[in-house]
Amino acid sequence: MGARSLVFLLFLMLILSFSSAYQGKKKQYKPCKQMVLYFHDVIYNGQNAANATSAIVGAPQWGNLTILADKFHFGDVVVFDDPITLDNNFHSKPVGRAQGMYIYDTKNTFTAWLGFTFVLNSTDFQGTLNFMGADPIMVKTRDITVVSGTGDFFMHRGIATIMTDAFEGEVYFRLRVDIKLYECW
Amino acid sequence: MGARSLVFLLFLMLILSFSSAYQGKKKQYKPCKQMVLYFHDVIYNGQNAANATSAIVGAPQWGNLTILADKFHFGDVVVFDDPITLDNNFHSKPVGRAQGMYIYDTKNTFTAWLGFTFVLNSTDFQGTLNFMGADPIMVKTRDITVVSGTGDFFMHRGIATIMTDAFEGEVYFRLRVDIKLYECW
Amino acid sequence: MGARSLVFLLFLMLILSFSSAYQGKKKQYKPCKQMVLYFHDVIYNGQNAANATSAIVGAPQWGNLTILADKFHFGDVVVFDDPITLDNNFHSKPVGRAQGMYIYDTKNTFTAWLGFTFVLNSTDFQGTLNFMGADPIMVKTRDITVVSGTGDFFMHRGIATIMTDAFEGEVYFRLRVDIKLYECW
């Protein structure tokens, strides 16, 4: 092998290393971390102060703070501090709390806008994950985003696929959250 | 060309490839995707229930839920579900909905804090983009951020330059949103 | 040095460059930018309209808009436009404004959910930083996230360690914010 062909090989490999590096950075579609969690929301209705985990704190002019408003709850702002569990049992030992708010934001169907944090404090995970996104509630599974994290989830980002796992009247619901992190540090 | 000079060349090129790779990762100032969209907000004033796309749902003690408050609307929280169009015509076929909230947050000028999602459902784009940022309304163009996305915008991030394209009384406004995505997956 | 050993060296260095590049991308734990700032919040209580920098704009059914609610203020939504200073002196010349909202979100201790922006306008920094996260107020230092930025902070991300630096009655508090940006463009 002569020096000339070696130089050629050198160029070839550098080009390959460039393109590989690029793909490694931009097309990583396999989650680097994944977990499934549930959270449980019991909304305050004026009579369940002891059990309620959330409360209506803003409402449109036609609404009030103990009953979700007409027009598909449009405009209701709900603050929550919901237990997170590993399975779908409300009475399981919580591994953390889901804290933040959701806002009903359509007048002709059920949709919500979500901004909240998972504060995880278990043997498996110590840290927080921050969620944001639109939730078209009537769709079976829908994607929101994990925009950031702290602790074990330092600088992480990803997608959370949420599913309404239970819905009882307008007082209790349970969400299944399938978290897939695609950027891990 | 001797082996020694080849080794030197090798080092030189690796150093160059390192610095190039670094710049490729960190200094990518050209958008990988770009689009211009408009959205239209008609605020509920107690008399336009049929047409309104947004409603005041929180207000300071001196405010109410059908008129934007004194002191530059400081403290007013507005929830919206606004049509998104490709041009500046309110009656154009929507390509999606802008859903979320804005909050007026200064007492001596007009500024807002924005947290919302573009839910896009057109032939060109299927997916969501999540926006967050401060909006100094009286400035002609101002930058907010695209913090995340789903679907066609999986894991995307970028900047949105917004401009008030129309403003009629305190009932209607239209925003032009120039979205530039700098991180595409 | 023969061509064969040179090829071997070539492979070795490429492998090394790969693994280094990977670590450079994923394990960058040193901040690329860091700064410490303070912001000051004076909440409206019905009598301090001239000085107040924030106001309660949403509250649960058992609350009101001039006094933080019972049950650890659960459900209170506060909108703010707070001065940012370089030191802990409320009267220092502001370098920007902290604008957004916080929500008290636990019934049995003090925690808040934060969504706000630092709008910086000083000789050192021109741009915005967007913050999001859960704030367990009673913990001495706690981490929230910097999810995005504009201007000098174009596309930046990081962590902010916050500390309650002063707390006077339920009218004034000051937060120390130690911002560490780990992704800089």
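Protein sequences appear in the order of chains A, B and C.
In our numbering, each residue carries its 1-based index in the first sequence increased by 152.
In our numbering, each residue carries its 1-based index in the second sequence increased by 152.
In our numbering, each residue carries its 1-based index in the third sequence increased by 152.
We treat Cβ as the ideally placed atom computed from N, Cα and C, and that holds for glycine.
Only a predicted model underlies this, so the values are computations on that prediction, with no experimental measurement involved.
CA-to-CA distance, residue j to residue i, given in whole angstroms
i: Lys-245 (chain C); j: Leu-272 (chain C); result: 12 Å
i: Thr-293 (chain C); j: Thr-316 (chain C); result: 8 Å
i: Tyr-254 (chain C); j: Val-209 (chain C); result: 11 Å
i: His-308 (chain A); j: Val-298 (chain A); result: 8 Å
i: Phe-232 (chain B); j: Val-231 (chain C); result: 18 Å
i: Gly-151 (chain C); j: Lys-182 (chain B); result: Because residue 151 (chain C) is not part of the residues shown, which for chain C are 153 to 337, the question remains open.
i: Tyr-190 (chain C); j: Phe-305 (chain B); result: 35 Å
i: Gly-176 (chain A); j: Cys-184 (chain B); result: Bear in mind that a pLDDT of 41 at Gly-176 (chain A), under 50, signals an unreliable position, so the model cannot answer this.
i: Ala-207 (chain C); j: Asp-276 (chain B); result: 42 Å
i: Ile-331 (chain B); j: Ile-219 (chain B); result: 31 Å
i: Ala-173 (chain C); j: Gly-198 (chain B); result: Unreliable placement is indicated for Ala-173 (chain C), whose pLDDT of 45 sits below 50; the coordinate value is still reported in the next sentence. Cα-Cα distance, rounded: 59 Å.
i: Phe-270 (chain A); j: Gln-213 (chain A); result: 31 Å
i: Asn-282 (chain B); j: Phe-283 (chain A); result: 11 Å
i: Gly-321 (chain C); j: Phe-224 (chain C); result: 14 Å
i: Asp-295 (chain C); j: Asp-287 (chain C); result: 8 Å
i: Trp-265 (chain C); j: Ala-211 (chain C); result: 14 Å
i: Gly-263 (chain C); j: Val-291 (chain C); result: Residue identity differs from the one stated: residue 263 (chain C) is Thr in this sequence, not Gly. For Thr-263 (chain C) and Val-291 (chain C), the distance between alpha carbons rounds to 9 Å.
i: Glu-335 (chain B); j: Pro-235 (chain B); result: 26 Å
i: Asn-200 (chain B); j: Leu-333 (chain A); result: 43 Å
i: Leu-217 (chain B); j: Asn-241 (chain B); result: 28 Å
i: Ser-274 (chain A); j: Ile-289 (chain A); result: 29 Å
i: Gly-303 (chain A); j: Val-329 (chain A); result: 20 Å
i: Trp-337 (chain B); j: Trp-337 (chain A); result: 17 Å
i: Gln-186 (chain C); j: Gly-215 (chain C); result: 39 Å
i: Tyr-196 (chain B); j: Arg-249 (chain C); result: 30 Å
i: Lys-259 (chain C); j: His-192 (chain A); result: 16 Å
Whole-angstrom C-beta distance between residue j and residue i, which should lie under 8 Å
i: Gly-285 (chain A); j: Gly-301 (chain A); result: Wrong, their Cβ atoms sit about 15 Å apart, outside the cutoff.
i: Ile-314 (chain C); j: Leu-327 (chain C); result: 5 Å
i: Gln-251 (chain C); j: Asp-239 (chain B); result: No, Gln-251 (chain C) and Asp-239 (chain B) are not in contact; Cβ-Cβ is about 31 Å, not under 8 Å.
i: Thr-237 (chain C); j: Val-247 (chain C); result: 7 Å
i: Tyr-324 (chain B); j: Val-194 (chain B); result: 5 Å
One or two residues paired with residue i in a DSSP bridge
i: Val-229 (chain C); result: C:Gly-210 and C:Ile-255
i: Val-188 (chain A); result: A:Asp-330
i: Gly-248 (chain C); result: C:Ile-236 and C:Leu-272
i: Thr-205 (chain C); result: DSSP output for Thr-205 (chain C) lists no bridge partner at all.
i: Thr-316 (chain A); result: A:Leu-327
i: Asp-193 (chain C); result: C:Phe-325
Buried versus exposed call for residue i [16 or more other C-beta atoms within 10 Å across all chains shown]
i: Lys-178 (chain B); result: Residue confidence for Lys-178 (chain B) is low, a pLDDT of 44 falling below 50, so the modelled location carries little weight and cannot support an answer.
i: Gly-243 (chain A); result: What sits at residue 243 (chain A) in the sequence shown is His, not Gly. Its Cβ having fewer than 16 others within 10 Å, His-243 (chain A) is exposed.
i: Gly-267 (chain C); result: buried
i: Thr-205 (chain B); result: buried
i: Ala-202 (chain A); result: exposed
i: Ala-221 (chain C); result: buried
i: Ala-318 (chain B); result: exposed
i: Val-188 (chain B); result: exposed
i: Ser-171 (chain B); result: Summary for Ser-171 (chain B): the model assigns pLDDT 46, below 50, so the residue's position carries little reliability; its value from the coordinates is reported in the next sentence. Exposed, because fewer than 16 other Cβ atoms sit within 10 Å of the Cβ of Ser-171 (chain B).
Run through the segment 251-312 of chain A for me and flag every whole beta strand (DSSP E) of 3 or more residues, listed as ranges in chain order.
-> 264-273, 278-287 and 293-303
Scan the segment 238-270 of chain B for residues whose Cβ lies nearer than 7 Å to a Cβ of chain F and list them as they occur along the chain.
-> Among the protein chains in the structure shown, which are A, B and C, there is no chain F.
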